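What follows is a single structure, written as structure tokens, with notes after it.
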Amino acid sequence: MPIYAYRCEECGFAKDVLQKISDPQLTDCPSCGKSTFKKQLTAAGFQLKGTGWYVTDFRGGTAPATGVASAPKTEAPAAAAPAPAPAPAKSTSEA
1 MPIYAYRCEE CGFAKDVLQK ISDPQLTDCP SCGKSTFKKQ LTAAGFQLKG TGWYVTDFRG
61 GTAPATGVAS APKTEAPAAA APAPAPAPAK STSEA
């Protein structure tokens, strides 16, 4: 059953009423008793669930994979400092 919003044009009293679509519209204000209780136009509230909607598929900001693989990023190795050459062996020959 839908919820209808009513507001009195005389005293400003507002109320949400759960009614069947076939129920007659309320006309008498429960606060002041005058026949100025009018139905207001309100937006329907609903939530889209499941996939296929903006909120569930694209809101995160990351694009879904399209199947095209990009080249893997390779880092150039840093120029390694040459290893120090081994010191020549000292000969201890007596001549």
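The sequence shown runs contiguously to residue 95 in full-length UniProt numbering.
Glycine included, C-beta positions come from ideal geometry on N, C-alpha and C.
These numbers come from a predicted model, not from an experiment.
Going by alpha carbons, who is nearest to Cys29 out of Ala14, Leu18, Gln40 and Ile21? Ala14
Considering Cα atoms alone, identify which of Ala44, Lys34 and Gly45 is closest to Glu10. Lys34
If you check the beta carbons only, do Lys39 and Gln19 fall under 7 Å apart? no
Member of Gln47, Leu41 and Cys8 whose CA lies at the smallest distance from the CA of Thr27: Cys8
Under the assumption that Ala5 contacts Asp16 (Cβ atoms under 8 Å), give the Cβ distance between them as a whole number of angstroms. 5 Å
Lys38, enclosing beta strand (DSSP E) - first and last residue: Phe37 to Lys39
N-terminal and C-terminal residue of the beta strand (DSSP E) that Gln15 is part of: Note that residue 15 corresponds to Lys in the displayed sequence, not to Gln. Its beta strand (DSSP E) spans residues Ala14 to Leu18.
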